[in-house]
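Residue numbers (our numbering): 16 to 348. Don't be surprised by glycine CBs; every beta carbon is placed ideally from N, CA and C. This one's a predicted model, so the numbers in the text were calculated from it and none came from an experiment.
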C-alpha cells in the first residue's frame, strides 16, 4: 500500500502538519526535525500526491530556480536575467536555495512549479536523469542531460581548458599548474580534462602539471596556493584556474608571498566576472557568456512547458587578454 503523509509523520514521530512543512516549507522547521521527516519518507518510499497539480485546475505560472547559494556574481546575473524573461511571459520566478538533492526532488514532486532550472553542484548526470523522470519540464545548467521534457546547457568547458592550454603554451609556459573546482562537477572536470589534453598535445605530460583544489572559491584557492608556496614547492610558470574567483585567490596568495604577477608567474581565470577587469593586475580570462545563461535557460524552460522536445545546448567562450599573463622570459640553463 502506498505510503501517505500521515505514515511519514507517524514514522518520524511528528504531526502531519510538521511533516508537510518539512517537505514544503523547510525554512520554518528545525533542521533535525526536517532530516527525521526526510529519512522517514525515504524509508517508506513516500511520494507526494501527484493530484496536487490537478486540484489547482490551472498552471501555477511559476518557474523554479534551484541553487545551493546566491553568492557571487554568476548567481545574481542568472536570477536577474531569468526573472526578466519570466515576467515578460507572465510567470513568477521562485528562487529556491536548497541544501540537498532530496529537497529538489520533493519540490518537483509536489507539482507547484510549471518548470524549473537547476544549477546545483551535486547534481550530476545520474541525478539529473532521475529528476527528469518527473513530469516537470527541467533545464539543467552544466549537466549533460537531454530527455523528452528536459534540456541541458553546457558551457563548452572542455574547450575552455584547451583554449587556456594553447594560450599559455604560446606564451612560452612549460611548467603549468591547474587550480580545479569541485571533484565530480561537470564544468570542473571538463575544464581540467581539456587543459591537460591540450598540454599533452603540446608535449607536456599530464603528470607534470601541478594540481590544486580551488572549489570555485576565492578563499579556498587562496589557502591552497599559500600552503603550496609555504611548503617550498617550485613556482610554476603559469596557473590556469577553473574560475575567476579561484584565480583572484591565487593572485592574493602569490602577492602575499612576495611574488609578482605576471613578472614572476602568469595567472589565467575563466568566466570573466566584472571584478576581473578591476583587480591588479587585471585578469586575463575566458569569457563564458554567463550573463546570457539566465536568458537562455528561461527561454528554454518556457519552450519545454509548451511541449517541445528537450535538447542539449552549448555556449562557446573567448579569451579576454588583460594584464595577468605575459610572455615567459627565457632563463639561462
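The distance from the Cβ of residue 265 to that of residue 312 is about 30 Å, inconsistent with a contact at the 8 Å cut-off. Apart from the 5 residues on each side of it in sequence, residue 208 sits with its Cβ closer than 7 Å to the Cβ of 173 and 176 in its chain, given in chain order. Closest in C-alpha terms to residue 319, from the list 285, 215 and 152, comes 152. In the structure shown, residue 78 adopts extended strand secondary structure according to DSSP, grouped into three states.
C-alpha of residue 127 to C-alpha of residue 257: approximately 36 Å in a straight line. The DSSP-derived three-state label of residue 340 is coil.
Sorting 269, 280, 288 and 325 by C-alpha distance to the C-alpha of residue 183 places 280 at the top. Residue 308 is classed as buried because its beta carbon has at least 16 other beta carbons within 10 Å across all chains shown. With 16 or more neighbouring CB atoms inside 10 Å of its own CB, residue 116 falls in the buried class.
Collapsing the DSSP output to three states places residue 191 in a strand.
Runs of alpha helix (DSSP H) with 4 or more residues, each lying fully within the region 220-249, are found at 233-245, listed in chain order. Excluding the 5 residues flanking it on each side, residue 287 has same chain C-beta neighbours closer than 6 Å at 300, 302 and 335, in chain order.
Apart from the 5 residues on each side of it in sequence, residue 154 sits with its Cβ closer than 6 Å to the Cβ of 132, 166, 312, 315 and 316 in its chain, given in chain order. A distance below 8 Å between beta-carbons, with the five flanking residues on each side excluded, links residue 135 to the following residues of its chain, in chain order: 81, 82, 83, 113, 116 and 119.
Within the same chain, Cβ atoms closer than 7 Å to the Cβ of residue 231 are found at 196, 197, 257, 258, 260 and 261, the five residues on either side in sequence being excluded. Along the region 257-287, the beta strand (DSSP E) occurs as fully enclosed runs of 3 or more residues at 281-283, listed in sequence order. Going by DSSP, residue 102 is part of the alpha helix (DSSP H) stretching over 88-103. Under a 10 Å Cβ-count criterion, residue 160 is classified as buried, with 16 or more other Cβ atoms of the shown protein chains found around its own Cβ.
In this structure, DSSP gives residue 147 a state outside helix and strand, which the three-state scheme calls coil. Annotated as distal: residue 219 and residue 263, with beta-carbon spacing of 7 Å or more. Between residue 203 and residue 157, the alpha-carbon positions lie close to 10 Å from each other. With a threshold of 16 other beta carbon atoms within 10 Å, residue 251 meets it and is buried. A check of alpha carbon separations from residue 190 across 19, 344 and 122 identifies 344 as the nearest. Under the 10 Å beta carbon count, residue 283 is surrounded by 16 or more other beta carbons and is classified as buried.
Inter-segment contact for the region 138-146 and the region 94-105 is absent: fewer than three beta-carbon pairs are separated by less than 8 Å.
The Cβ-Cβ distance between residue 111 and residue 91 does not fall below 7 Å.
In the same chain as residue 170, and ignoring 5 residues on each side of it, the C-beta atoms closer than 7 Å to its own belong to 157, 202, 303 and 330, in chain order.
At the C-beta level, residue 242 and residue 297 stay beyond 7 Å of one another. The shortest C-alpha to C-alpha distance from residue 86 to any of 233, 238, 323 and 255 is the one to 233.
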